[in-house]
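Worksheet: the structure to be examined is printed underneath.
Protein chains: 2
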Amino acid sequence: MIRTEPAMKPLDSVAILGVGLIGGSIGLALRKRKLARQVIGLGRNSTRLRTARRRGAVTSTTTRWARGVAGAELIVVCTPVGQIVDHILELAQYCSQPTLITDVGSTKQVLVESLSGKLPSHVRFVGSHPMAGSEKTGVRYSHDDLFQGRVAIVTPSSETTKESVKSVCRFWEALGSRVITMTPDVHDQAVGAVSHLPHVAATVLAAGASSQYQSLASSGWLDTTRVAAGDPRLWQQIFEENKDHVLTSIDQFAELLGQFRDALAKDDRRTVSRILKAGKRNRDALGS
Amino acid sequence: MIRTEPAMKPLDSVAILGVGLIGGSIGLALRKRKLARQVIGLGRNSTRLRTARRRGAVTSTTTRWARGVAGAELIVVCTPVGQIVDHILELAQYCSQPTLITDVGSTKQVLVESLSGKLPSHVRFVGSHPMAGSEKTGVRYSHDDLFQGRVAIVTPSSETTKESVKSVCRFWEALGSRVITMTPDVHDQAVGAVSHLPHVAATVLAAGASSQYQSLASSGWLDTTRVAAGDPRLWQQIFEENKDHVLTSIDQFAELLGQFRDALAKDDRRTVSRILKAGKRNRDALGS
Chain A
66 MIRTEPAMKP
76 LDSVAILGVG
86 LIGGSIGLAL
96 RKRKLARQVI
106 GLGRNSTRLR
116 TARRRGAVTS
126 TTTRWARGVA
136 GAELIVVCTP
146 VGQIVDHILE
156 LAQYCSQPTL
166 ITDVGSTKQV
176 LVESLSGKLP
186 SHVRFVGSHP
196 MAGSEKTGVR
206 YSHDDLFQGR
216 VAIVTPSSET
226 TKESVKSVCR
236 FWEALGSRVI
246 TMTPDVHDQA
256 VGAVSHLPHV
266 AATVLAAGAS
276 SQYQSLASSG
286 WLDTTRVAAG
296 DPRLWQQIFE
306 ENKDHVLTSI
316 DQFAELLGQF
326 RDALAKDDRR
336 TVSRILKAGK
346 RNRDALGS
Chain H
66 MIRTEPAMKP
76 LDSVAILGVG
86 LIGGSIGLAL
96 RKRKLARQVI
106 GLGRNSTRLR
116 TARRRGAVTS
126 TTTRWARGVA
136 GAELIVVCTP
146 VGQIVDHILE
156 LAQYCSQPTL
166 ITDVGSTKQV
176 LVESLSGKLP
186 SHVRFVGSHP
196 MAGSEKTGVR
206 YSHDDLFQGR
216 VAIVTPSSET
226 TKESVKSVCR
236 FWEALGSRVI
246 TMTPDVHDQA
256 VGAVSHLPHV
266 AATVLAAGAS
276 SQYQSLASSG
286 WLDTTRVAAG
296 DPRLWQQIFE
306 ENKDHVLTSI
316 DQFAELLGQF
326 RDALAKDDRR
336 TVSRILKAGK
346 RNRDALGS
């Protein structure tokens, strides 16, 4: 389901936990589009929070989370995948009024299962995953149009209400995203194929690169391996949380790689050509 | 060996066979840098040749190759890898005076072996491989700084003279390239690892992509698969000519991919982390 009509009512107060590339870009976009009167940056590290405030990504910051979320109608959790559950459970304790929480993590099923039945009734959670980002990290790379025209996945589950799903969809639409909804499990399978597998391939290519040939690397090598510059700890968490789907995607990739290899070895030109043409067709379909 | 001092004496006449992205960019660069009085575009297709002339990539064109190479001091063969040998042998027949021929093909060993002992003594051949290009093809994408700051590999062999190798090195340096020399076989091994393997990985990723998830493809997928949009016929020839080295590179890649897969499956966090970190280290070393 693709929605296109942004219709979010401006909010009084939004709290963002973790003001790095994604959290910072959300803050910048909210402020630029005048979608929130107050954007409160939460974190543990005052220096980083100060950097985010100076960049204009948030209007105020605090390391005292209870205070930060006190008046927030919406909390966006932008911390690494492996910490999101603990962070949401902690923040939920501090919410005294009806509050909507979403996140931006790259996996969803483990998150939804871990939170199941553990949130107070006035706190609603709907998972999100904006398909935007970069191998770069940190608020200094954030920008207010990071989500413009990009897909944001919102993941309704048996525990989400229609109203809260709608609010989260409108939030991403208001930041310029095209919203697609899918269940947490379908999400994890999809991103396993379209995001986590390319990361594995890029990482293995880069990790296996011989230093003696690196002076020859041209744009092809640079493009194909670009995402391997991403944060290893973050990606380790993503792979662990989405292990089953990532393994399935790797196995399918290895199977087709083996077919290509054997076809080349046996001078089976038809198969080599078929795979090359299928790759070009699929790649051309997506543009540059 | 890296050379940095361009010192090519301007030539009177250079012939370029095949005026597409690479051939066209050579012509544009020669003209912009005033390195040749005449740049003659050779080909079979008058319409394409006309396009190249209109773009300013060449000063004149002809489909009559004998006439085109009559006065040329240097011929650059920019046709697809599988045709280079035949084209060089044909052109060599038409050379009545001392002529230097080079090419821009992505593989070298088969080429050098196939030409061995077959050229008249006044025609000297030295293979080249500029590590520049794009998944785009055609003279309309050519530009005069395509080689600026990029590596060009020149491949001396037992049949090349020092003087002709030096001339070809100076030619690429004059176009702005950093020249590296290596034997044809070492070249093929190196590009098998640094160029052909990434193309295989990108192709297999793109070919295996499920259409149902394609709307989710973000910059990671787009970067990792970009080169898969390259010309399938051209790449088929490259893979066939460099089969042994490509197979070795695929096998090394598949081995490391298998290690990563098994480590993830067994929750061997150390190995997963080691490979992720090695990938990041190697990728970071090359810049963006």
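Protein sequence lines, in the order shown, are assigned to chains A and H. So the first sequence is numbered by my numbering: it starts at 66 and just counts up by one. So the second sequence is numbered by my numbering: it starts at 66 and just counts up by one. Cβ coordinates follow ideal geometry from the N, Cα and C atoms, glycine included. Small disclaimer: the values here were computed from a predicted structure and weren't measured.
The beta carbon of Gly241(A) lies closer than 6 Å to those of Phe212 and Gln213 in the same chain, with the five residues before and after it left out. Beta-bridge pairing by DSSP links Gly89(H) to no other residue. Comparing C-alpha distances from Lys231(A) to each of Gly285(A), Gly108(A) and Arg189(A) shows the shortest one belongs to Arg189(A). Sequence-distant partners of Thr313(A) (beyond 5 residues in either direction) whose C-beta falls short of 6 Å from its own C-beta are missing from its chain. Interface criterion met: the Cβ of Arg326(A) is under 7 Å from a Cβ in chain H. Contact between Leu114(A) and Gly121(A) does not hold, since their C-beta atoms are separated by about 13 Å, which reaches or exceeds 8 Å. No Cβ-Cβ contact shorter than 7 Å links Val191(H) with Tyr159(H). Sequence-ordered contacts of the region 296 to 319 of chain A with chain H read Pro297, Trp300, Gln301, Phe304, Lys308, Val311, Leu312, Ile315, Gln317, Phe318 and Ala319 [C-beta pairs closer than 7 Å]. Between the region 165 to 172 of chain A and the region 199 to 206 of chain A, the count of Cβ pairs shorter than 8 Å is below three; the stretches do not touch. Think of a sphere of 7 Å around the beta carbon of His264(H): the chain A residues whose beta carbon falls inside it are Gly285, in chain order.
By the Cβ rule, the region 289 to 298 of chain H does not count as touching the region 238 to 258 of chain H, because fewer than three pairs are nearer than 8 Å. Residue burial is scored here from C-beta neighbours: Asn307(A) has at least 16 other C-beta atoms within 10 angstroms and is therefore classed as buried.
The beta carbon of Leu341(H) sits closer than 7 Å to some beta carbon of chain A. At a cut-off of 7 Å between beta-carbon atoms, Gly344(A) makes contact with chain H. Residue environment: Glu200(A) is assigned as buried (16 or more neighbouring CB atoms within 10 Å of its CB, all protein chains considered). Apart from sequence neighbours up to five positions away, the residues of its chain that approach Thr220(H) with a beta-carbon distance below 8 Å are Lys173, Val177, Val191, Gly192, Ser193, His194, Thr246, Met247, Thr248, Pro249 and His252, ordered along the chain. Rounded to the nearest whole angstrom, the CA to CA distance from Ala343(H) to Val259(H) is 16 Å. Assignment of Phe325(H) by DSSP, reduced to helix, strand and coil, places it in the helix class. Around the Cβ of Asn347(A), a 10 Å sphere holds 16 or more other Cβ atoms; the residue is buried. Classified as buried, Ser78(H) has 16 or more neighbouring CB atoms from the shown chains inside 10 Å of its CB. A distance of 7 Å or more separates the beta carbons of Pro163(A) and Leu299(A).
In the structure shown, Ser179(H) adopts helical secondary structure according to DSSP, grouped into three states. Counting along the chain, the unbroken alpha helix (DSSP H) around Asp349(A) starts and ends at Arg334 to Asp349. Under the 7 Å criterion on CB atoms, Val259(H) is classed as interfacial with respect to chain A. In this structure, Arg215(A) keeps its C-beta atom at 7 Å or more from the C-beta atom of Met73(A). Spanning the alpha carbons of Asp332(H) and Leu270(A) requires a straight line of approximately 21 Å.
Around the beta carbon of Pro185(A), a 10 Å sphere encloses fewer than 16 other beta carbons of the protein chains shown; the residue is thus reported as exposed.
DSSP places Gly106(A) in the uninterrupted beta strand (DSSP E) bounded by Ala101 to Leu107. Under DSSP, the beta-bridge partners assigned to Val188(A) are Thr164(A). Taking C-beta atoms as the reference points, Ile340(H) and Ala272(A) count as a pair closer than 7 Å. Apart from sequence neighbours up to five positions away, the residues of its chain that approach Val150(H) with a beta-carbon distance below 7 Å are Leu176, Ser179 and Leu180, ordered along the chain. Between Leu281(A) and chain H, the shortest Cβ-Cβ separation is below 7 Å. Distance between Thr127(A) and Ile153(A), taken at the CA atoms: about 17 Å. Nothing from the region 80 to 114 of chain H brings a Cβ to less than 9 Å from some Cβ of chain A. Within chain H, no residue has its beta carbon less than 7 Å from that of Thr126(A); the closest one is some 29 Å off. In this chain, Ala197(H) is not harboured by any alpha helix (DSSP H), its DSSP state being neither H nor E.
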